[in-house]
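The block underneath contains the structure these notes are about, expressed in structure tokens.
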Amino acid sequence: MSRLLTMSAGAILALTSVASAAPAAPATQPLKISKECSQFSGDTPSFCTITESNLEAIPVGTKILYYGPVIANPLFSSSAAVIAVGNGDSAVGYCVVYDTAKPPLGTCAFHAGSGTLAGFQAIVKVTVDDKQIWHWDGDYLLGATQAAK
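33 is the number that the numbering used here gives to position 33 of the sequence shown; each next residue is one higher, with no gaps.
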């Protein structure tokens, strides 16, 4: 019996040390972006322009290009989205916005990037205020070290 307890304790200790040696998941950072969409036409692509950003790699003036709708639905819009900083710096993802909600709300998820946005991943909640400024609030990971403002 004591031999069984010793073996069990040894196995638990071994599993604990393996688990603690596993790398921790990377820490996400908060992402806050505001954008205005006065030039959004509904054509493919259409775009909005960033007016505020807490991420240096996505500066004010950056265009967000929307390619959609991906799914034709009267309740929500769905679009492939590209954050186009310029000079090959970009990120790609997908947005779904529940347009018939009052006010509209949605989610965008970004899964890849290039240049200064290499390794960019983000999930943001999409909202719009009464001045028609759209807001993205969520978290991001960035492969290259980029400081938030």
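Just so you know, even glycine gets a beta-carbon here, dropped at the ideal spot from N, CA and C.
Here the structure is a predicted model, which is why all the values come from computation and not from measurement.
Counting C-beta atoms within 10 angstroms of its own C-beta, Lys35 has 16 or more neighbours from the protein chains shown and is therefore classed as buried. Cβ neighbours of Ser46 within its own chain (closer than 7 Å, five residues either side excluded): Phe40, Tyr66. Nearest neighbour of Lys63 by Cα position, chosen from Glu56, Ser77, Val82, Asn54, turns out to be Val82. Contact between the segment 108–128 and the segment 80–97 is present: 3 or more CB-CB pairs across the two stretches fall below 8 Å. By the CB criterion at 9 Å, His135 and Ile33 fall inside the cutoff. In the three-state reduction of the DSSP assignment, Leu117 falls in the helix class, which pools H, G and I.
Beta-carbon to beta-carbon, Tyr140 and Gln121 are separated by about 7 Å, close enough to satisfy the 8 Å threshold. Under the three-state reduction of DSSP, Ile33 is assigned to strand.
Collapsing the DSSP output to three states places Glu56 in coil. Cys48 has its alpha-carbon roughly 18 Å from the corresponding atom of Pro103.
Here Gly115 really is in contact with Asn87; their C-beta atoms are around 7 Å apart, less than 8 Å.
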